[in-house]
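One rule links them: number in my numbering = place in the sequence shown (from 1) + 1263.
Cβ coordinates follow ideal geometry from the N, Cα and C atoms, glycine included.
Everything numeric in this text was worked out from a predicted model, so none of it was measured.
Note sheet for the following structure.
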Amino acid sequence: MIRLRKFRAKLPTLTFLDPACGCGNFLMVAFRHLRRLELEVQLAIRQAEGAAGNEVFDIEMLRQVTLDQFHGIEIEEFPARIAETALHLTDHQANMQMAAAFGQYIPSLPLSKSANIKNANALRADWNEVILAKDCTYIVGNPPFIGISMRSSEQTEDMQLIWGDDYHGTLDYVTTWYRKAIDYMGDRPIRAAFVSTNSISQGEQVEPMWQPILAAGFSIDFAHRTFAWISEARGAAHVHVVIIGFSRHRRLTRGQRLRLFDYPHVKSDPIETAVSRINPYLADGPDILVRASSKPISPDLPEVRYGNKPTDGSNFVITPEELPEFMDDPVAQQYVRPYMGAKELLNDKERWCLWLADAPPSAIRSSQLLSDRVEGVRSFREASKAPTTRQAARTAHLFRQIAQPDNDYICIPRHVSGARGYFPVKTLPKSVVASDATFIADDPNGLLFAVISSSWFIAWQNTVGGRLKSDLRFNKLLVWNTFPMPRLTGQNVSRVIDAGRGVLKARETLPGQSLADMYASGMMNPTLLTAHDALDRALDRVLAPRRRIDTEADRLAVLFELYERIVTDGQLTV
């Protein structure tokens, strides 16, 4: 009974701030649940004392949770006024529920207390003027998601004002609420949580956003990893979001764990895991930030290069309709090459281009088709606003950037569907020209293919790499070059390479299928799945020989530990 009374006494002391409250949805939900909790506690106390107890009570005294515990900031006046009204309606509904439970009428009028909703730009306003930080318990909200290409000059000024010297152009607008919140929270035991675009926990934004937050002593208390946020508003966009709860100097008591929610699919129900730590990538791992590297931190992994960039106004590209004309030209046909972009690689689509790196000027002059295309490239580049592109008009017969290897190579698509369980790549002959929608790499012994085809790599890609909506975006500097593969010795080398060859053999049993078909979500061939499982087990033995590995979360925990050891202590050998 004493604990119940203490808990009841605590409820009216809790205060809530939503610094991007809109029409007050988050505040309404919080208020409704707090009133419901208050009612349940009051009923429990009454039951414990006996329904016909001697205490004569005033129902007004039982209603201690009030609207003035709730505060919000909203930049638009109309939604701010809606929030105030909606909270009063929620209060009235809660009064009716309490009245029904205790059999006494609770008048809702006159309105004696109201929520404090300030109409202001939350990034320019002083939150202490809404509620003093010393009096605030919780900060909640769903700040706006606006990337660099969409925000106004005023919003950019907001960000520069709040982030100061830590401002970084890649950051989403929503990150500014995090920075404003930690400045407001200071050393106080306030707990905060925001719904945010998932870009803040992956790719290039993680390091510039989280470095000053971690440095200030804040850490993550709980998190929901990426899921689809579907607004009920008509015409509202469906976005992929995360929820991150954070506070300063969190200390776990013995046996206490943090709650991490994962979604097998962005629209599925969450699976909760109890973990001892949550890092900025929303993984069970140390609070370490992965920084882009100019070369692989593993000496065993070959370097990956960008594909060939034409900057040609499509003059080097040959459409299926144009191909017969070029093949009928005895000179032009010598310089027609298969042209491979990400779509062609994944779907076995045919495309062609002109590759004139070895064409003498006399050959180009002797073919009207070639002369016209080179002149088209020259005109396109000369019309560019970029000085370097105009300069490249002097070599109009060449791709702007050339990286084509002299040997067979691994071709890596720049983007792939996030629904795939593995990152699909393929070996191509040197005669195929890789476009700048792909990356290329030498793979003399097959180690690259084995590593990039494993669940270990896709876990790292999913977490550290950026996304285009839900598609995975390969990044050689941030994802491949940072993959924490120890130096392999002895049997470990052959074990991994042989397992990769097993995947290739399994693919050979599926003639006529494209990579997109082979790796279609939920429809992979059992033989190919078995080969990938064997590859994963081989890497499990190499990277985590004394640990049980069942899930992506298990692999991430190992990978972040390996990354921390490699960048801190130097190269590891296994």
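(message) Alpha carbons only, please: which of F1481, L1350 and F1341 is nearest the one belonging to D1331?
(response) L1350
(request) Please check if any C-beta of chain B sits within less than 8 Å of the C-beta of A1697. (result) Looking for chain B here will not work: only one protein chain is present.
(message) Going by DSSP, what residue range makes up the beta strand (DSSP E) through G1404?
(response) Y1401 to G1404
(message) Going by beta-carbon coordinates alone, are D1450 and R1511 separated by less than 8 Å?
(response) yes
(request) Take the Cβ of T1690 as the centre, count every other Cβ of all protein chains shown within 10 Å, and call the residue buried at 16 or more, exposed below. (result) exposed
(message) Quick check: the Cα distance between S1630 and T1652, rounded to an integer number of angstroms?
(response) 25 Å
(message) Among the candidates G1366, D1635 and H1487, whose CA atom is the shortest distance from the CA of L1302?
(response) G1366
(request) Whole angstroms is fine: what's the gap from R1879's alpha carbon to M1781's? (result) This structure does not reach residue 1879, given that the chain is present from 1264 up to 1837, and the question cannot be answered.
(request) Mind listing, in chain order, the continuous alpha helix (DSSP H) runs of no fewer than 4 residues lying wholly within the stretch 1611 to 1666? (result) 1624 to 1629, 1631 to 1645 and 1650 to 1654
(message) For A1486 and S1459, I'd like the C-alpha separation in whole angstroms.
(response) 11 Å
(message) Cutting at 6 Å between CB atoms, please list the residues of its own chain near S1718, excluding the five before and the five after it.
(response) D1799
(request) Could you check what DSSP says for N1708 in three-state terms: helix, strand or coil? (result) coil
(request) Tell me whether R1729 sits in a helix, a strand or coil according to DSSP, three-state version. (result) Checking the sequence, you will find Gly at residue 1729 rather than Arg. Of the three classes helix, strand and coil, the one that applies to G1729 here is strand, per DSSP.
(message) Tell me the DSSP secondary structure of A1383 in three-state form.
(response) coil
(message) On the DSSP bridge list, what partners appear for N1571?
(response) S1698
(request) Measure from the alpha carbon of L1280 to the alpha carbon of each residue in I1721, L1306, F1270 and A1346, then state which is nearest. (result) A1346
(message) Quick check: G1548 and L1741, are their CB atoms within less than 8 Å of each other?
(response) no
(message) With the cut-off set at 8 Å, would you say F1509 and A1455 are in Cβ contact?
(response) yes
(message) Going by beta-carbon coordinates alone, are L1477 and F1746 separated by less than 8 Å?
(response) no
(request) Look at the Cβ atom of V1637, then the Cβ atom of I1627, and state whether they are nearer than 8 Å. (result) yes
(message) Taking the alpha-carbon of K1768 as reference, which of P1650, S1482, G1709 and R1522 has the nearest alpha-carbon?
(response) G1709
(request) Please determine if the stretch 1749 to 1757 and the stretch 1574 to 1581 are in contact, where contact requires at least 3 C-beta pairs separated by less than 8 Å. (result) no
(request) Quick one: give me the first and last residue of the alpha helix (DSSP H) that A1797 is part of. (result) P1789 to L1806
(message) Nearest by alpha-carbon distance to D1591: which of Y1569, K1572, F1294 and L1632 is it?
(response) L1632
(message) For L1609 and A1794, I'd like the C-alpha separation in whole angstroms.
(response) 20 Å
(request) Please report how far the alpha carbon of L1802 lies from the alpha carbon of I1425, in whole angstroms. (result) 44 Å
(request) Select from L1352, Y1447 and D1525 the residue whose C-alpha is nearest the C-alpha of A1385. (result) Y1447
(message) Can you list, in chain order, the residues of its chain with a C-beta nearer than 7 Å to that of T1772? Leave out the 5 residues immediately preceding and following it.
(response) T1790
(message) Let's test the definition: count the other Cβ atoms within 10 Å of the Cβ of A1272 and tell me whether it reaches 16, buried, or not, exposed.
(response) exposed
(message) I need the DSSP call for H1503, collapsed to helix, strand or coil.
(response) strand
(request) In angstroms with no decimal places, state the Cα-to-Cα distance between R1268 and V1437. (result) 39 Å
(request) Let me know the secondary structure DSSP gives M1748 once reduced to three states. (result) coil
(request) Consult DSSP for L1434 and reduce its assignment to one of helix, strand or coil. (result) coil
(message) Suppose the cutoff is 7 Å on Cβ atoms and the five residues either side in sequence are ignored; what does the same chain contact list for I1411 look like?
(response) G1432 and T1433
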